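Respectively, the protein sequence lines represent chains C and P. Read in order, the letters of the first sequence correspond to residues -10 to 182 in the working numbering. Read in order, the letters of the second sequence correspond to residues -10 to 182 in the working numbering. Worksheet for the structure shown next.
Protein chains: 2
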Amino acid sequence: MDMPPLIQSFVLHFGEMGSRWGINRTVGQIYALLFVAPRPLNAEEISETLGFSRSNVSMGLKELQSWNLALMKHMPGDRRDHFTTPGDVWAIVRILAEERKKREIDPTLSMLRELLMQSPGSEEERHAQERMREMHDLIETLDNWYADVRRLETERLIQLLTLGSKVQKVLEVKDRLFTLPGGRARKDAEENG
Amino acid sequence: MDMPPLIQSFVLHFGEMGSRWGINRTVGQIYALLFVAPRPLNAEEISETLGFSRSNVSMGLKELQSWNLALMKHMPGDRRDHFTTPGDVWAIVRILAEERKKREIDPTLSMLRELLMQSPGSEEERHAQERMREMHDLIETLDNWYADVRRLETERLIQLLTLGSKVQKVLEVKDRLFTLPGGRARKDAEENG
DNA sequence: CGGTTATTTCAGTATTTTCTGAAATATACG
DNA sequence: CGTATATTTCAGAAAATACTGAAATAACCG
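Here is the structure:
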């Protein structure tokens, strides 16, 4: 089963891209194929279309399911499992925020917290802890931001991200509204205007 | 040369984490070591401390430099190159936004734009293009957001990220201020209040 | 149940990536 | 320059990862 060139380019690019990221070529290609397919596909079809062994596809699908990036569908009158990707592309952003939190952020934060509890035995260790504290605070801030991304529904999420460069202005407005005249925040807003 | 256990745990964790990400163990460990070190280190020291071959360290440092995550320093009276990481941890966020744009976002966007120019030869391709359009728009939005992250100085960047869940409220305020009564944005703000 | 079809597991192989040591190149200093 | 020291390159070894085919398991159906 072969793909139209348009789809093939997309699928191949995703395979390459995936491997720069933690994901491997197979998984990237499977995702891309499911993403553009007009209907759910079964493992056999994927295997034939991409030219991977059936077992490789099985493992790839498992991986994608564990990331919630592939969803199993049952088609009436067919007992094979069929797969799609979430329909709302913005769900990808939420899902990745969720999964990266679990797999990368949480373990790192708890490692850092543990190390920050220990008392430094030397100046060298004291300095190291200081740096770890900075990194801990950074990651914690990102973690909270991710939490918000996960919470927001698509419309608001787009709004938040589109806000972008305008954030400066919006923050000023916020400062003016929520701070007493002459307060620090008010002053900052004026300086950065 | 051996590390205090505190530092060792940190360095090892970063090595593991790195490998979940595109980066390899060596590079992750070198970065972590430089990050907590109280002064710039030379390649020899890194090599001895981490137990990697001198040439491996050389390659790792090159990689880190290409990401702007390691900076070369010249120490007076010593002709060996010494290395540090950027002092402001928040620079990491900006740097990663910059580099990921170059390496991942830009190539993907141009691939998508190219494919979106072609005229679909079938219903299947038409649908695929529709999906690609959605992904294109998503990535473009993220790209713009990243651009803003790169632009903002630390103070404002932290403010932007901390804003988080409060964004809803702030957006409402913005809507009320910048939209004529009865306009669409005003209406949205009320509905989502 | 027994047969059929679908899926997963897994041991072994193939491929890719990482890492090393030796040689080549570059840089500094007298 | 010539010598000493620092760094990079690179071919091959080692390690890690991805992939396959065969066999095991599971799910369905008559």
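Using N, Cα and C, we set each Cβ at its ideal position, and we do this for glycine too. Every value quoted in this text rests on a predicted model; they were computed, and no experiment measured them.
- Scanning chain C for C-beta atoms nearer than 9 Å to the C-beta of isoleucine 94 of chain P yields nothing, as the closest lies near 10 Å away.
- Counting only residues of its own chain and dropping the five nearest sequence neighbours on each side, leucine 53 of chain C has a CB closer than 7 Å to the CB of Val16, Ile19, Tyr20, Ala59.
- In this structure, leucine 105 of chain P and glutamine 118 of chain P form a Cβ contact; the two beta carbons are roughly 6 Å apart against a cut-off of 8 Å.
- Arginine 83 of chain C is a Cβ neighbour of arginine 139 of chain C, given a cutoff of 7 Å.
- With respect to the 7 Å criterion, proline 29 of chain C and lysine 51 of chain C are not classified as neighbours on the basis of their beta carbons.
- Distance from the CA of asparagine 57 of chain P to the CA of arginine 43 of chain P, rounded to the nearest whole angstrom, comes to 21 Å.
- Leucine 85 of chain C is not a Cβ neighbour of tryptophan 134 of chain P, given a cutoff of 7 Å.
- Following the DSSP letters along the chain, one finds lysine 51 of chain C inside the alpha helix (DSSP H) bounded by residues 43 to 55.
- At a cut-off of 7 Å, the C-beta of proline -7 of chain C has a neighbouring C-beta in chain P.
- Rounded to the nearest angstrom, the gap between the Cα atoms of valine 46 of chain P and alanine 26 of chain C is 45 Å.
- Just so you know, the alpha carbons of asparagine 31 of chain C and methionine 48 of chain C end up roughly 13 Å apart.
- When secondary structure is reduced to three states using DSSP, leucine 85 of chain C falls in the helix class.
- Annotation: the continuous alpha helix (DSSP H) that includes aspartate 132 of chain P extends over 112 to 140.
- Among the residues of chain P, none has a CB under 9 Å from the CB of isoleucine 35 of chain C; the nearest is roughly 15 Å distant.
- Secondary structure note for threonine 73 of chain P: it is in no alpha helix (DSSP H), and the uninterrupted beta strand (DSSP E) holding it is 70 to 73.
- In the three-state DSSP reduction, methionine 61 of chain P falls in the strand class (E or B).
- According to the DSSP assignment, alanine 32 of chain C belongs to the alpha helix (DSSP H) that extends over 32 to 39.
- CA-to-CA, the gap between glutamate 114 of chain P and glutamate 37 of chain C works out to about 19 Å.
- Annotation for valine 0 of chain C: Met(-8), Gln18, Ala21, Leu22 place their beta carbon closer than 7 Å to its own, counting only its chain and skipping 5 residues before and after.
- About 24 Å separates the Cβ atoms of tryptophan 79 of chain C and glycine 11 of chain P, ruling out a contact at the 8 Å cut-off.
- Aspartate 95 of chain P carries a helical assignment under DSSP once its states are collapsed to helix, strand and coil.
- A straight-line Cα-Cα distance of about 15 Å links glutamate 5 of chain C and phenylalanine 41 of chain C.
- Comparing C-alpha distances from aspartate 95 of chain C to each of C:Ile147, C:Lys155, C:His125, C:Pro(-6) shows the shortest one belongs to C:His125.
- Chain-ordered listing is empty here: chain P has no CB closer than 8 Å to the CB of methionine 106 of chain C, the nearest sitting near 10 Å.
- Counting along the chain, no alpha helix (DSSP H) covers glycine 66 of chain P, and no H or E run does either.
- Bounds of the alpha helix (DSSP H) holding proline -6 of chain P are -6 to 9.
- Here arginine 102 of chain P carries a helix assignment [DSSP, helix/strand/coil].
- DSSP places arginine 14 of chain P inside the alpha helix (DSSP H), whose first and last residues are 14 to 25.
- DSSP places glutamine 107 of chain C outside both helix and strand once states are collapsed to three, so it counts as coil.
- Glycine 49 of chain C is outside the set of residues whose beta carbon lies under 7 Å from a beta carbon in chain P.
- Residue contact check for glycine 11 of chain C against chain P: a CB pair falls below 7 Å.
- Chain-ordered, the chain C residues with CB closer than 8 Å to the CB of isoleucine 147 of chain P read Thr130.
- Interface criterion not met: the Cβ of methionine 64 of chain C is under 7 Å from no Cβ in chain P.
- In terms of CA proximity to lysine 91 of chain C, C:Ser55 leads the group C:Arg102, C:Glu112, C:Ser108, C:Ser55.
- For the pair arginine 122 of chain P and phenylalanine 24 of chain C, the CB atoms are not nearer than the 7 Å cut-off.
- Going by DSSP, arginine 145 of chain P is part of the alpha helix (DSSP H) stretching over 143 to 152.
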